[in-house]
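For reference, the structure is listed below as structure tokens.
In this note's numbering, the protein residues as written are 4 to 663.
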């Protein structure tokens, strides 16, 4: 019996037939060079087509000079893109995927540092992307942008795309016309529902006239119930019903969040799953002609099958799930869901890299963005299989062992503790982060299936490693917290004054229950990331009184790029955590901390039973040096190479295994 009966029903969409109900929805990969898709783009999308996705919506193309948002955007307003897109589209179609291109204009929220063009909007409203304002469009400029959409659709058709998806979500330009907050015009483009939707209806109807009947046209919208000025579900239902009644689109995709609320736009593990389902369910009864696609945090085949079975939508868009495992759809169809590498909803390398204007990657799947170089998420056999010893079972060692075994090497993994995961397993103990534990469980299943010999409770010194006689030795032994209390903001102090008083712990001590804590804990978070912030959250939820001190200007500074910082601060504040920013620990007295303001130089005393230091770890190189002295040249990966985040550890594990 099919494990996901609703997911694998074919479905007609205009002139095409979809092989299942899974869509790989639009998202920014930021991989274009000179505005053109290249080999990296083509390999990225082809991997998901080979993985079974029925329809792929390629990332948004700006339709006008004022629409450019990122460095890696496609070239707008030029036929130069056509042959380059053809090289991307045709292989994916041959692999069975229906290919759609998203077209967009973000209106007031354009990035003018990238576009070097004033942002255009209905009424000159402010940007919620940055601190800029926008330019109120004239009627001639409105017509210019409409024509920009039409010409972009024509180029897509000439490049071989099966259709386009017009972006009206997240309070972009079309949504700005729809929304009374951002459309205060008193001409034919503003006021009544008929007038406010004129812009979008003109775009869709003119695309149909330009591209003909054998061309799919989609419309992307979003749900934002927590923002008063955003369109309500009832208003969105009226808008979509009007477009549907006029037969303007073949499908509507429903996401969540917007420029008003980035945290729900690409929801992290802090948010509920299936966020697009509620509005999809509202829209489905009024879309008599168009299909409804539910998007946003539909992470797994189970999510998707449940949503479809409940009749909330006709199709589901699984984006980050298919970034993490491009073969998710085929694995689900083959009843191999246990082999699906799950997305962590961490946003660190997909949305997080976009936030820094880098190209896309993935914490759990480092081949993302490197498919053209690394052969996708499939591995070529080693020409000469070797005996490989991996020492350390954290994320770097797990990935190295898995991929080496996939390639045919004989692999032994030695782990000093009784469980796999290393410090990554400890991170999975922080609130809402159990998906990390699920990933470690996935690795255990994969290593077992691949025949990797896993040796638990096996601390290995240099002579033990030499005695193994492996052809290749990989050190993934991780890193350790320094025991000095050194803080980067106080470089002249090699050791925290008062350290000898004791009751100073690391984040790892806390999460592993080695720390014996009193009631009031001060957490010094130097990294601005989950190591310190997540530990503070863990302690607060456990009932401790927590004061979080950071040298940064705000708590969770590094989490801004993944749009997880605000929800974190809200959770910490709700739990009663006190924040002290722009500050360091000047002295620890055993029963309290002297906090030094970096702004004023003022010192304040905070009574506390314990101090937790989340500072930069150190890699211990003595094992490497001993091995080198014995004539064994190991490869160092992950924190054993240099202390960093999990994404770098998994990447180096993959890269190392591919090099063997």
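Built from N, CA and C at the ideal position, the CB exists for glycine as well. Remember, predicted model here, so these are calculated numbers, not experimental data.
State the Cα-Cα distance for the pair residue i and residue j, rounded to the nearest angstrom.
i           : j           : result
residue 521 : residue 508 : 12 Å
residue 531 : residue 560 : 5 Å
residue 57  : residue 320 : 10 Å
residue 465 : residue 32  : 43 Å
residue 217 : residue 651 : 45 Å
residue 181 : residue 118 : 24 Å
residue 21  : residue 318 : 10 Å
residue 660 : residue 391 : 10 Å
residue 599 : residue 371 : 43 Å
residue 224 : residue 475 : 52 Å
residue 241 : residue 144 : 27 Å
residue 278 : residue 236 : 13 Å
residue 74  : residue 462 : 47 Å
residue 470 : residue 621 : 27 Å
residue 183 : residue 258 : 20 Å
residue 417 : residue 395 : 6 Å
Just to confirm my understanding: we take residue i, look at its own chain, exclude 5 residues before and 5 after, and list those with CB closer than 8 Å. What are they?
i           : result
residue 222 : 168, 169, 171, 203, 207, 243, 246, 251, 252, 254, 255, 256, 293
residue 153 : 206, 209, 210, 213
residue 302 : 276, 321, 323, 324, 345, 346, 348
residue 266 : 260, 273, 274, 566, 567, 569, 570
residue 379 : 46, 49, 50, 53, 329, 370
Go ahead and pull the three-state DSSP assignment for residue i.
i           : result
residue 474 : coil
residue 180 : helix
residue 401 : helix
residue 218 : coil
residue 170 : strand
residue 361 : coil
residue 676 : It is not possible to answer for residue 676, since the shown part of the chain is limited to 4 through 663.
residue 281 : helix
residue 119 : coil
residue 129 : strand
residue 460 : coil
residue 320 : strand
Residue range of the beta strand (DSSP E) that residue i falls in?
i           : result
residue 590 : 586 to 591
residue 107 : 101 to 107
residue 550 : 548 to 552
residue 27  : 25 to 27
residue 581 : 581 to 583
residue 62  : 58 to 65
residue 19  : 19 to 21
residue 2   : Because residue 2 is not part of the residues shown, which for the chain are 4 to 663, the question remains open.
residue 258 : 254 to 259
residue 662 : From DSSP, residue 662 is part of no beta strand (DSSP E) but of the alpha helix (DSSP H) over 649 to 662.
For residue i, which residues in the same chain have their Cβ closer than 7 Å to its Cβ, ignoring the five residues on either side in sequence?
i           : result
residue 82  : 158
residue 51  : 27, 59, 325, 329
residue 385 : 410, 411, 412, 663
residue 369 : 653, 654, 657
residue 447 : 423
residue 505 : 593
residue 438 : 272, 345, 347, 348
residue 198 : 191, 192
residue 492 : 554, 587, 601
Apart from the five residues on each side of it in sequence, which residues of its chain come closer than 6 Å, Cβ to Cβ, to residue i?
i           : result
residue 322 : 28, 30
residue 140 : 123
residue 53  : 98
Which residue marks the beginning of the alpha helix (DSSP H) containing residue i, and which one marks its end?
i           : result
residue 2   : In this structure the chain extends from 4 to 663, so residue 2 is not present and cannot be described.
residue 664 : Nothing about residue 664 can be read from this structure; the chain reaches only from 4 to 663.
residue 152 : 142 to 161
residue 244 : 236 to 248
residue 534 : 533 to 544
residue 513 : 510 to 514
residue 608 : Residue 608 -> not in any alpha helix (DSSP H); beta strand (DSSP E) instead, spanning 606 to 610.
residue 452 : 437 to 452
residue 1   : Summary: the structure shown does not reach residue 1, with the chain confined to residues 4 through 663, and so no result is reported for it.
residue 366 : Counting along the chain, residue 366 falls outside any alpha helix (DSSP H), and DSSP gives it neither H nor E.
residue 78  : No alpha helix (DSSP H) contains residue 78, which DSSP labels as neither H nor E.
residue 332 : 331 to 336
residue 563 : Taken as a continuous stretch (DSSP letters only), residue 563 belongs to no alpha helix (DSSP H), as it is neither H nor E.
At least one CB of chain C closer than 9 Å to the CB of residue i: is that the case?
i           : result
residue 325 : Absence of chain C from the displayed structure is noted, only one protein chain being present.
Does the distance between the C-beta of residue i and the nearest non-hydrogen atom of the ligand GTP fall short of 8 Å?
i           : result
residue 446 : In the structure on display, the ligand GTP does not appear, and there are no ligands present to speak of.
Exercise. Any contact of the segment 35 to 51 with the segment 306 to 318, i.e. 3+ C-beta pairs under 8 Å?
Worked result: With contact defined as three or more Cβ pairs closer than 8 Å, the segment 35 to 51 and the segment 306 to 318 are not in contact.
For this session: Spell out a yes or no on whether the segment 431 to 446 and the segment 478 to 487 are touching, meaning 3 or more CB-CB pairs, one atom from each, closer than 8 Å.
Result: No contact exists between the segment 431 to 446 and the segment 478 to 487.
Problem set entry | Stretch pair the segment 127 to 136 + the segment 85 to 101: three plus CB contacts closer than 8 Å | Cβ pair count under 8 Å is below three, so no.
Exercise. Pairing CB atoms from the segment 331 to 338 with CB atoms from the segment 543 to 555, are three or more of them under 8 Å?
Worked result: Fewer than three beta-carbon pairs drawn from the segment 331 to 338 and the segment 543 to 555 are found closer than 8 Å, and the two stretches are therefore not classed as touching.
For this session: Decide yes or no for the touch test of the segment 398 to 410 against the segment 637 to 645: beta carbon pairs closer than 8 Å, at least 3 of them.
Result: In short, these stretches touch, since the Cβ pair count reaches three.
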